[in-house]
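Counting in the numbering used here, the sequence shown runs without a single skipped number right up to 366 at its last residue.
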Amino acid sequence: MPERNNGAGHRLTQAMENYLLSIYVVQERGIRVTNPNLVEQLRRVPASENLGTSLPAVSGMLRRMEKENLIRLSDTRDIDLTTKGRELAESMIRKHRLAARLVVDLLGVPLHEVDAEAHMLEHALSETLEKRIQDRLGRPQTDPFGQPIPGSGYREPRNVVTLDKAKIGKAMIVDRIPEDDAELVAYLYETGVLPGVEIVVSDVAPYRGVVTLSVGGESAVLGYNVSSEIRLRPA
Numbered sequence: 132m133p134e135r136n137n138g139a140g141h142r143l144t145q146a147m148e149n150y151l152l153s154i155y156v157v158q159e160r161g162i163r164v165t166n167p168n169l170v171e172q173l174r175r176v177p178a179s180e181n182l183g184t185s186l187p188a189v190s191g192m193l194r195r196m197e198k199e200n201l202i203r204l205s206d207t208r209d210i211d212l213t214t215k216g217r218e219l220a221e222s223m224i225r226k227h228r229l230a231a232r233l234v235v236d237l238l239g240v241p242l243h244e245v246d247a248e249a250h251m252l253e254h255a256l257s258e259t260l261e262k263r264i265q266d267r268l269g270r271p272q273t274d275p276f277g278q279p280i281p282g283s284g285y286r287e288p289r290n291v292v293t294l295d296k297a298k299i300g301k302a303m304i305v306d307r308i309p310e311d312d313a314e315l316v317a318y319l320y321e322t323g324v325l326p327g328v329e330i331v332v333s334d335v336a337p338y339r340g341v342v343t344l345s346v347g348g349e350s351a352v353l354g355y356n357v358s359s360e361i362r363l364r365p366a
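What follows is the structure, given as C-alpha cells:
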C-alpha cells in the first residue's frame, strides 16, 4: 500500500490513517479501545477503503503501529494513542470533518453519502488546501454531523446528554449524530433529527428497544441501541 505524506512531516499508509482516525473516534465516544471495539469501528469505514478487519489483520497492524510509536498497547491490551499518534490522528480527523463540511456546504452531497466521500478526500488534502478550505467555509467548528473539528476553537456545550438518558417531556437540541451508518443517517435526515433541531423525548423504552420523540410536531421512533450515539444539549 502506498505511503502518503500526511502534511505533518510523517509518511503513513492509508490503512494507518484509517486506524488512527478510528481509534480517535472510539476514544471520543468514551469507549475503551480494545481489539473488538476497534474492529467494530473499522467495519464502519466505507468498503472503498479496503481495510482488513479480521482480528489477525487488526492485531498485525497494531503491532506495526506500536513499532512506529503511534500507539501503546497496555498489559490488558487496551490501545492508546501516543503523543505522536494523537497529533496525527487529530490531523486526520480535522481533514475528514472539513471534507465532510466541504461536500455538504459547497457541493450539496446528500448527508448519508458524506462519510464515504470525506474518506476519499481526507487522504489527499495537503496542509495548504486544508487551510484554504477552512477559510472558504468560514472556519467551521463542527462538521455536518455536529462533531468538533480539532483546532477550530470548539467548546463543548454544557449539560450534554445522550438520547437514551434524556428526560421525558423536556425540549432539547440535537447536538451531534453519528456519521458512519449511512442507513441511520438517511433515516435521521428523513425524520429531521439533525444537529441544531429541537426535539422532545416522548418515551424511552429499553425493554422494547425503542426511543420515541417529537420533531416539529411529528413523531419519530429510533432504536434504543443507537440512541446512545445521539447527543443532545439543553434548548
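Cβ coordinates follow ideal geometry from the N, Cα and C atoms, glycine included. Just so you know, these numbers come straight off a predicted model, no measurement behind them.
Restricting to Cα atoms, I'd like to know which of 343, 243, 170 and 182 is closest to residue 209.
170
Just to confirm before moving on: does the CB-CB distance between residue 219 and residue 204 stay below 8 Å?
no
Can you tell me the Cα-Cα spacing of residue 282 and residue 345, whole angstroms?
34 Å
Residue burial classification, residue 173 (beta-carbon count within 10 angstroms, cutoff 16):
buried
CB residue 342 to CB residue 332, shorter than 8 Å?
yes
So if DSSP puts residue 354 in a beta bridge, which residue, or which two residues, is it bridged to?
341
In chain order, what residues of the same chain lie with their CB nearer than 7 Å to the CB of residue 153, ignoring the 5 residues before and after it?
169, 172, 173 and 176
From residue 302 to residue 363, what does the alpha carbon distance come to, in whole angstroms?
10 Å
Inspect the CB distances between the stretch 287 to 296 and the stretch 261 to 278 and report whether three or more fall short of 8 Å.
no
Alpha-carbon to alpha-carbon, residue 242 and residue 223
20 Å
Beta-carbon spacing of residue 339, residue 280 below 8 Å:
no
Which word fits residue 248, buried or exposed, when buried means at least 16 other C-beta atoms lie within 10 angstroms of its C-beta?
buried
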